[in-house]
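Beneath this line is the structure, given in structure tokens, with notes to follow.
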Amino acid sequence: MGEYRGLQLVVAPTDSEHRGYFEQARQHRLVVQRCGACSKLRGAIGAACPFCASPDWSWHEVSGRGVIYSYQIVTQAVHPAFADWIPYPVVLVELDEQRDGAEGEAVSLRLIANLVTSDPAIAEAEENVAIGKRVEVCFLDLDETMALPQFRLSE
Ligand code: ZN
27 MGEYRGLQLV VAPTDSEHRG YFEQARQHRL VVQRCGACSK LRGAIGAACP
77 FCASPDWSWH EVSGRGVIYS YQIVTQAVHP AFADWIPYPV VLVELDEQRD
127 GAEGEAVSLR LIANLVTSDP AIAEAEENVA IGKRVEVCFL DLDETMALPQ
177 FRLSE
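Laid out in structure tokens, this is it:
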């Protein structure tokens, strides 16, 4: 169990997929699932491959470097814990490791995360966010077992 902005974050012991993701993040490694059948990487954690439906997968460490594919500025706090954070950006990051195929095959590897400053507890300012800007992963440690992957602007 970790704490984030006063919220208790709990991952069920039986949820091996999300638990593994946050535990790897605590080691400051960004991992995604790699399909054991077709070898494609996927950004949305799930039990089966969205490309070939295989249930076989393993963790694959990625660089954490990519670009802002899209973003949204959150202006209404969805929870009181975020009241003093608005407005803040949430970004859809397209990682460098797997882009769409040459023939339009939609396989790009995208993750949703907060965009933060050099301090992972502080949101990046709205005027600094733009589609296409380079970003890199950083980690906000929550406790001894969990960290949240976040992204920050890079060169
Ligand atoms: Zn697959």
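The opening residue of the sequence shown carries number 27 in my numbering; numbering runs sequentially from there.
Heads up, the beta-carbon is just placed ideally off N, CA and C, and yes, glycines get one too.
The ligand ZN heavy atom lying under 7 Å from the CB of residue i
i	result
Ser80	yes
Ala132	no
Cys75	yes
Ala63	yes
Lys159	no
Where the beta strand (DSSP E) through residue i begins and ends
i	result
Glu87	Trp83 to Val88
Ala173	Ala173 to Leu179
Glu29	Gly28 to Tyr30
Glu153	Run containing Glu153: none; DSSP gives neither H nor E here.
Best match in the options for proximity to residue i [C-alpha to C-alpha]
i	options	result
Thr171	Leu33, Ser42, Ala51 and Tyr30	Ala51
Trp83	Asp110, Gly62, Ala109 and Ala70	Gly62
Glu87	Thr101, Glu152 and Tyr47	Tyr47
Cβ neighbour criterion (16 or more within 10 Å) applied to residue i
i	result
Val36	exposed
Pro39	exposed
Glu129	exposed
Cys75	buried
Pro106	exposed
Glu150	buried
Leu20	Residue 20 lies beyond the stretch modelled for the chain, which goes from 27 to 181, so this question has no answer here.
Span of the alpha helix (DSSP H), counted from its first residue to its last, around residue i
i	result
Phe48	Ser42 to Arg52
*asked:* I want to know whether the segment 113–126 touches the segment 138–150 - three or more CB-CB distances under 8 Å.
replied: yes
*Is the segment 151–169 touching the segment 88–97, taking contact as three or more C-beta pairs under 8 Å?*
yes
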